[in-house]
Amino acid sequence: MGFGYSVFVNNTLLRFYSSCSGSVGCSRKLFDEMLERDVVSWNTMICAYMGHGEMEFAMGLFDLMPERNVVSWNSVVTGFCKAGEMRLAGLIFERMIVRNEFSWNCMISGYARVGDMVNARLVFDQMPEKTVISWTAMITGYANVRDVMSASVFFNLMPVKNVVSWNAMIAGYVHNHVFDQALNVFHQMLMSNSDGGSCRPDEATLTTALSACAHLGSLEQGKWIESYIKKYNIGLSVSLGNTLIDMFAKCGDIENAKLVFNGMRNRSIFTWTTLVSGLAFNGLCREALDLFDTLCNENDKTEPDDVIFIAVLSACTHGGLVEEGKRVFHQMMRQFGIEPRIEHYGCMVDLLSRAGKVEEALSFVMSMPMEPNAIIWATLLGSCQVYGNRELVQVVSKRILGLEPSNPAYLMLISNSNASMGRWEDVLNVRATMRNRGIEKVPGCSSIQVGNKVLEFLVKDTRHERTSEIYESLHSLNDHLKASVDN
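Residue numbers for the sequence shown follow the UniProt record's numbering, beginning at 1 and rising by one.
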């Protein structure tokens with residue numbers, strides 16, 4: 001038999017074409033020319049079609065197969081699951097005579113991916129022998145549909161957990177902004193490891209836990225995680241380094257953020273963006289601009305992208321660096337050929353508006369190549385309120401209402417702007433509109449770490465257990481501020 005007639009060789013070529021070809025044409029041509037095919041040949045060709053989203057061709061081949069094994073069935077089920085076609089995946093799954101662990105887990109993950117946790121639970125309950133993958137898929141699915149209670153129940157019921165399971169639960173809490181619970185689970189993971197378990201945190205665990213610290217402003221816990229990284233000689237990857245920089249910056253420890261940045265052997269554009277944003281967040285706007293200039297002028301490895309320009313323009317905005325902001329905006333197009341997006345235009349409007357250049361900001365808005373969104377008009381309205389531009393308030397308010405008539409934040413802004421101008425009839429009209437539509441503004445929320453406890457506060461909160469002490473302290477601080485201004 002010649003070399004070209006070997007089924008093994010042809011199957012190898014078929015897999016190669018399927019993995020690297022832009023289309024399945026070459027794979028199908030080889031498949032059609034094969035004098036002898038086995039079940040592997042058919043499965044490979046079906047997988048190729050499924051991988052390119054050509055479901056009809058895949059099913060056509062599947063129906064023509066002289067014999068099928070469990071891999072054949074799984075290939076079709078997997079393809080439909082990845083495409084989100086769960087009805088078709090379910091029909092194929094029901095036809096399967098023999099199912100293996102992969103078949104069940106594929107269906108559970110598929111339903112979870114499209115947010116159908118009812119059917120995911122049905123398949124899970126029917127599964128003869130559940131594996132750690134099955135449990136983890138359910139945890140991730142529930143977390144993605146914001147049902148962290150069910151995710152937590154499944155996590156606690158798991159007979160055996162691996163590092164992926166722990167990561168899924170921690171990430172689920174972070175995804176749903178339950179950051180304190182994310183850190184609690186992280187510490188449980190550490191405790192289970194000290195009790196003889198084998199689930200030592202990996203890079204994904206540490207990255208997610210640091211993200212929770214950043215959102216909570218929990219500097220001490222963030223520092224502890226950094227010491228854990230050093231203690232166990234965990235390599236500082238670009239992703240982990242970026243998260244450490246972000247955590248330190250958001251917790252107000254910008255010096256440590258810079259130390260991490262300077263100690264990183266490899267940096268991505270996201271590394272630079274994170275520190276630029278962190279410097280601006282901590283009021284070091286000029287330093288943020290200098291760092292960006294260093295990237296542009298001295299670094300030949302990393303090219304600026306559109307995201308870092310948003311960070312730099314925001315830094316210019318908060319630092320009142322109007323001319324520098326204009327220079328950066330033009331530099332984006334002229335030096336790097338990056339077409340500004342609406343976010344960049346929004347930053348420029350914010351920059352000009354905060355600097356009191358309301359007319360220039362309006363001219364900039366009117367010259368935009370795309371339709372301004374409600375955020376841009378709201379930015380302009382805010383400056384009209386601050387700088388007392390009565391003529392523009394009505395014009396800009398109408399623009400906002402035309403784009404987002406039911407947004408509570410914008411309605412409150414319009415109401416407050418009219419109030420500052422003494423337009424009380426317009427204020428009453430806006431409030432009446434909100435009342436009639438049942439629109440309520442969600443109060444802002446902030447958190448602070450005191451000792452080892454994270455405390456949350458709402459705007460105008462009256463339900464906190466120490467409300468009287470809080471407001472007494474606030475009044476005292478206000479008195480001190482007034483006294484300082486008067487002196």
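In this text, a Cβ means the ideal position worked out from N, Cα and C, and glycines have one as well.
Taking the alpha carbon of residue i as the point to measure from, which residue in the options has its own alpha carbon closest?
i      : options                        : result
Gln385 : Asn418, Phe292, Glu203         : Asn418
Ser198 : Arg28, Val163, Val9, Lys223    : Val163
Ser72  : Arg99, Glu54, Ala83, Arg437    : Arg99
Ala280 : Gly319, Thr302, Gly90          : Gly319
Pro369 : Leu351, Arg341, Phe93, Met65   : Arg341
Val238 : Leu428, Lys82, Pro66, Ser268   : Ser268
Glu203 : Asn233, His175, Ala257, Gln188 : Asn233
Ser218 : Asn266, Arg423, Lys250, His175 : Lys250
Val393 : Pro405, Ser415, Ala409, Pro372 : Ser415
Asp63  : Gly84, Gly53, Val39            : Val39
Cys106 : Ser227, Val77, Arg95, Gln126   : Val77
Met333 : Arg37, Leu351, Pro304          : Pro304
Tyr410 : Lys82, Thr433, Ser165          : Thr433
Arg146 : Ala171, Met158, Arg399, Ile229 : Ala171
Tell whether a beta-carbon distance below 8 Å holds between residue i and residue j.
i      : j      : result
Gly278 : Ile254 : yes
Ala355 : Asn407 : no
Leu413 : Gly388 : no
Val123 : Ile108 : yes
Phe102 : Ala89  : no
Ile376 : Val358 : no
Gly222 : Leu210 : yes
Thr379 : Gly337 : no
Val178 : Val160 : no
Val276 : Val312 : yes
Asp116 : Met86  : yes
Asn176 : Ala143 : yes
Leu259 : Leu289 : no
Thr208 : Asn242 : no
Leu351 : Glu360 : no
Thr205 : Met189 : yes
Ser75  : Cys47  : yes
Run the CB neighbour count on residue i, radius 10 Å, all protein chains shown included, and call it buried at 16 or more, exposed below.
i           : result
Asn282      : buried
Tyr49       : buried
Trp42       : buried
Met1        : Residue placement at Met1 is poorly supported in this model, since its pLDDT is 38, which falls under 50; the coordinates still yield a value, given next. Exposed, since its Cβ has fewer than 16 Cβ neighbours within 10 Å.
His480      : exposed
Met149      : exposed
Ile245      : buried
Leu14       : buried
Gly438      : exposed
His344      : buried
Phe3        : Below a pLDDT of 50, predicted positions are generally treated as unreliable, and Phe3, at 45, falls in that range; no measurement from the model is reported.
residue 490 : No answer is possible for residue 490: it lies beyond the span of the chain, which begins at 1 and ends at 487.
Trp135      : buried
Gly16       : Checking the displayed sequence, the identity of residue 16 turns out to be Phe instead of Gly. Counting Cβ neighbours within 10 Å, Phe16 comes out exposed, since fewer than 16 surround it.
Ala120      : buried
Are the C-beta atoms of residue i and some chain B residue less than 8 Å apart?
i      : result
Asn256 : The question asks about chain B, but that chain is absent: this structure has only one protein chain.
**Message:** Quick check on the DSSP output: what are the complete beta strand (DSSP E) runs of length 3 or more inside the UniProt repeat "PPR" (38 to 72), in order along the chain?
**Reply:** none
**Request:** Identify every run of the beta strand (DSSP E) within the region 363 to 408, keeping only runs that are complete inside it and at least 3 residues long; order them along the chain.
**Result:** none
**Request:** Scan the region 217 to 301 and note each continuous alpha helix (DSSP H) run of 4 residues or more that stays entirely inside, going in chain order.
**Result:** 219 to 231, 238 to 250, 254 to 263, 269 to 281, 285 to 298
**Item:** Any alpha helix (DSSP H) of 4 or more consecutive residues that is wholly inside the region 172 to 200
**Value:** 179 to 194
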